[in-house]
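Numbering (my numbering), first residue to last: 259 to 756. Where is the CB? At the ideal position from N, CA and C, for every residue including glycine. Beneath this line is the structure, given in structure tokens, with notes to follow.
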């Protein structure tokens, strides 16, 4: 029997009953696109065991999601290919569906749910997914549960968001030790003996056929025929659980020990590079946490300090491990909690009052340079460091974490108003970044403008009391020669999608 999922991760999306005469339990994989450390899958397995029914896993990819592009599509498809292989040896019916024309997937979930005893789906507190889950709850005639496994701390546990990293750090330091034994299991299917679903009826398979081998290969011939943004091309970084695992192993072996001292250096290789995989659910934060724990040979008895919100010295691990876990847990989950409890998470109005006030007071300050979104998109500014960061975003779909902060601060400095700066950052990040459209990336954009920060002095033009950063100070702090050589000459080659 699979370990039960802690109730704090489970949400009742509708009030429809379980259908005891259903043919299978349906797991609708939408955000946690993986087999390992997946609480939604774990919950679905538990239902299948209780009802003695087969388990059907539906992973779909539609064409009409907001900002759909070759870049995002390819990354998701590569993950689906990994999942098809991972489930092929399990007593589970994995059904990947990929739209080739807009609207062709309409009705698939409803049709599958009519034959289901119960439906379990992922909870992701951002983008269009919360609306989609609520809409499904209204339409389905069978019970629908939502389960979150995108954070170590269950989203429902705090009951509120947190204005500062210090506040959330104090909360999780108090509560996480009890949660460590309640995390999703590494393999929800290990040791299970579920009945096998032989096949789906022709009326479903014929109308909504499984994704072809060509689709899951995500090659040019397939992507070119889709009605999505063809100008934002796929990147060299590949999606999927396999690549995520390789990135994790590289970081644990080569970067973790240096993380506290070298991660901010863009050419050091001491950063994890896991953000895109976390965003698409190709790797779980629990898997990353356990990899760090194993490297450190750590046990919960190693906790050496009371929960006073300190960044260092609480875990009893190496400085590199503690610095990384503060990013993985404190800063990442701070954004997830904000998105879960605040419907305005992706709006300028979500900024703290002090930040909105000081930015408004300086909105009329003269700007030394003004750039429109076309110039920014194509990395055509006077600042070579900023241009390199934007070129990395265009070319690779990521920006080095420290330079991403500078990237945002300069957009604030070069925009007519702070609200316009917010909208430009959001547009560029949502369209181009593999880890855009995410609680953590919205948190980062809003941090540029004062969220999860405090007022700073001296008060400056344009920025007011918002934290100030410059390219000159960045050039003094960072070793940029290799980075500028890699990204500083090409400028933006990608065409505008609008």
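Using the DSSP secondary-structure output, state which residues sit across from residue 327 in a beta bridge.
BP columns for residue 327 point to 487.
Residues bridged to residue 286 by DSSP?
Paired residues: 316, 379.
Is the separation between the beta-carbon of residue 729 and that of residue 644 shorter than 8 Å?
It is a contact, given that the beta carbons lie within the stated cut-off.
Ignore the nearest five residues each way along the sequence and tell me which others in residue 422's own chain have a CB closer than 7 Å to its CB.
Counting only residues of its own chain and dropping the five nearest sequence neighbours on each side, residue 422 has a CB closer than 7 Å to the CB of 710.
Report all residues from its chain with a CB closer than 8 Å to the CB of residue 372; omit the five preceding and five following residues, and keep chain order.
Excluding positions up to five away in sequence, the list reads 399, 400.
Go ahead and pull the three-state DSSP assignment for residue 610.
Under the three-state reduction of DSSP output, residue 610 falls in the coil class, being neither helix nor strand.
For residue 520, which residues in the same chain have their Cβ closer than 6 Å to its Cβ, ignoring the five residues on either side in sequence?
Counting only Cβ-Cβ distances below 6 Å, and skipping sequence neighbours, we find 526, 528.
Quickly, what does DSSP pair residue 354 with across the bridge? List them, please.
Residue 354 pairs with 317.
Here's a check: name, in chain order, each residue in its chain whose Cβ is nearer than 8 Å to the Cβ of residue 572, leaving out the five neighbours to either side.
The answer, listed in chain order, is 431, 561, 562, 563, 565, 580.
Among 307, 736, 507, 322, the one whose alpha carbon lies nearest that of residue 386
Of the listed residues, the one whose Cα sits closest to residue 386 is 322.
Selection from 332, 451, 433 that minimises the alpha carbon distance to residue 347
Closest option to residue 347, Cα to Cα, is 451.
For residue 404, which three-state DSSP category applies?
Residue 404: strand per DSSP, three-state reduction.
What does the alpha-carbon distance come out to for the pair residue 741 and residue 567?
C-alpha separation (whole angstroms): 35 Å.
Which residues in the same chain as residue 755 place their Cβ atom closer than 8 Å to its Cβ, once the five residues preceding and following it in sequence are excluded?
Its pLDDT being 41, under 50, residue 755 is placed unreliably by the model, and the measurement read from it follows with that caveat. So the qualifying residues of the chain are 327, 487, 489, 490, 689.
From 325, 397, 266, residue whose alpha carbon lies closest to that of residue 301
For the residues 325, 397, 266, the minimum Cα distance to residue 301 belongs to 266.
Using the Cβ count rule (16 or more neighbours within 10 Å means buried), how would you classify residue 427?
Answer is buried; the Cβ neighbour count reaches 16.
Please list the segments of the alpha helix (DSSP H) lying wholly inside the region 523-585, counting only runs of 4 or more residues, in order along the chain.
List check, alpha helix (DSSP H) in window: 533-537, 543-554, 577-583.
Count the CB pairs spanning the region 375-390 and the region 466-477 that are closer than 8 Å, and state whether there are at least three.
Counting Cβ pairs under 8 Å, fewer than three are found: no touch.
Please name the residue, chosen from 592, 369, 612, that lies closest to residue 460 on a Cα-to-Cα basis.
Taking only the C-alpha atoms, the option nearest residue 460 is 369.
In chain order, which continuous runs of the beta strand (DSSP E) of length 3 or greater are located wholly inside the region 668-698?
If we require 3 residues or more, the region 668-698 turns out to have no beta strand (DSSP E) run fully inside it.
Thinking just about the alpha-carbon of each residue, which of 715, 332, 335, 544 is nearest to the one in residue 406?
Residue nearest to residue 406 within the set 715, 332, 335, 544 is 544 (criterion: CA-CA distance).
Compute the Euclidean distance between the alpha carbons of residue 745 and residue 635, then round it to the nearest angstrom.
Their backbone Cα atoms lie some 14 Å apart in a straight line.
Straight-line gap, residue 357 to residue 660 (C-alpha atoms, nearest Å):
Whole-angstrom Cα-Cα distance: 37 Å.
Return the CA-CA distance between residue 725 and residue 678, expressed in angstroms with no decimal places.
C-alpha of residue 725 to C-alpha of residue 678: approximately 18 Å in a straight line.
Inspect the CB distances between the region 596-608 and the region 546-560 and report whether three or more fall short of 8 Å.
For the pair of segments examined, the region 596-608 was found not to touch the region 546-560: the number of CB pairs separated by less than 8 Å stays below three.
How is residue 503 classed by DSSP in three states: helix, strand or coil?
Three-state DSSP puts residue 503 in a helix.
Do residue 505 and residue 531 have their CB atoms nearer than 8 Å?
Yes.
Just to check my reading of the structure: residue 264 and residue 412 have Cβ atoms closer than 8 Å, yes? What is that Cβ distance to the nearest angstrom?
So it is a contact: roughly 6 Å between Cβ atoms.
Let me confirm a value: residue 317 is counted as buried when at least 16 other C-beta atoms fall within 10 Å, else exposed. Which label applies?
Answer is buried; the Cβ neighbour count reaches 16.
Through-space distance from residue 345 to residue 360, alpha-carbon basis:
Straight-line Cα distance between these residues: approximately 27 Å.
Exposed or buried, which one is residue 738 when buried takes at least 16 other CB atoms within 10 Å?
Its Cβ being crowded by 16 or more others within 10 Å, residue 738 is buried.
Neighbourhood of residue 620 by C-beta, 6 Å cutoff - its chain only, sequence neighbours within 5 removed
Its chain contains 720, 722 as the residues whose beta carbon lies nearer than 6 Å to that of residue 620, once the 5 sequence neighbours on both sides are disregarded; these appear in chain order.
For the region 623-643 against the region 665-680, do three or more pairs of beta-carbon atoms, one drawn from each stretch, fall closer than 8 Å, so that the two count as touching?
Enough Cβ pairs lie closer than 8 Å, so yes.
For residue 344, write down the residues that DSSP places opposite it in a beta bridge.
Looking at the DSSP output, residue 344 bridges to nothing.
Whole angstroms is fine: what's the gap from residue 594's alpha carbon to residue 367's?
Whole-angstrom Cα-Cα distance: 27 Å.
Buried or exposed, going by whether 16 or more other CB atoms sit within 10 Å of the CB of residue 310?
Classification of residue 310: exposed, given that the 10 Å Cβ count is below 16.
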